[in-house]
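Working notes for the structure below.
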Amino acid sequence: MRVFAQRSELTLDLPEILRATRRYFDVTLDVEAQTRIPNVGVEVRVRLRSEKHDFGAALAIKTRNVESSDLDAARVAEQRGRAAGMFQLAERCPTIWEVSAIDADSELARLNLCAILAAVGLGPVLPDDCSTLFGVRGAMERVEKLLRSG
0 MRVFAQRSEL TLDLPEILRA TRRYFDVTLD VEAQTRIPNV GVEVRVRLRS EKHDFGAALA
60 IKTRNVESSD LDAARVAEQR GRAAGMFQLA ERCPTIWEVS AIDADSELAR LNLCAILAAV
120 GLGPVLPDDC STLFGVRGAM ERVEKLLRSG
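Here you go:
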């Protein structure tokens with residue numbers, strides 16, 4: 000999943016991300032490693048856990064500049080998902096934060112992390128299938144739906 004961010008820096012403000020996690024989300028986020036990727040950005044490895052709902056995963060966040068292919072995918076996703084205005088928000092974002100699983104994938108954990116990052120980066124989330132664009136609320140609605148079905 001890709002999260003568009005309105006930040007021009009190719010770093011992550013980890014204290015701000017951890018503050019937002021504690022304040023607004025019912026999960027624990029631990030930073031395990033941070034690596035600088037020359038001429039690209041950074042990769043941060045985290046572990047996200049929900050004691051309340053008994054899920055978690057090790058995840059990676061990679062930062063990089065937005066490319067034209069990201070904007071093309073966002074434009075298509077806005078139309079597919081009828082997510083009016085979300086492409087305009089993506090256009091204002093110079094960076095992408097890519098979220099991927101490190102070990103066993105947990106869609107719940109990835110969606111939770113994307114919600115946290117969208118709250119901090121102030122940009123939309125583009126799921127891997129490019130079916131739509133959504134923000135914090137949309138990510139958390141998807142988490143709730145998965146929890147109800149699970």
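So the sequence shown is numbered by numbering that gives the first Met the number 0: it starts at 0 and just counts up by one.
Think of the CB as a built atom: it goes at the ideal place given N, C-alpha and C, for glycine as much as any other residue.
Since this is a predicted model, take the numbers as computed values, not measurements.
Under the DSSP definition of a beta bridge, which residues are partnered with residue i?
i	result
I60	V43 and V98
F219	Since the first residue shown for the chain is 0 and the last is 149, residue 219 is missing from the structure and cannot be characterised.
D29	R46
I16	Its beta-bridge partners do not exist; DSSP assigns none.
F133	V124
I170	Because the chain here runs from 0 to 149, residue 170 falls outside it and cannot be looked at.
F54	S49
Determine, using beta carbons only, whether residue i and residue j come nearer to each other than 7 Å.
i	j	result
L110	A138	yes
M85	L132	yes
L11	V39	no
R91	Q5	yes
M0	D127	yes
E49	G80	Strictly speaking, residue 49 in this sequence is Ser, with Glu absent from that position. No.
F3	A83	no
S7	P93	yes
V26	L47	yes
L28	V45	yes
F24	S105	no
H52	L145	no
So residue i and residue j are supposed to be a Cβ contact under 8 Å. How far apart are they, rounded?
i	j	result
R141	I95	In fact, because the Cβ distance is near 20 Å, the residues do not count as touching under 8 Å.
Between the stretch 106-116 and the stretch 65-79, are three or more C-beta pairs nearer than 8 Å? no
With a threshold of 8 Å, are at least 3 pairs of Cβ atoms found where one atom belongs to the stretch 27-46 and the other to the stretch 118-135? no
Would you be able to state if there are at least three C-beta pairs under 8 Å between the stretch 53-66 and the stretch 82-102? yes
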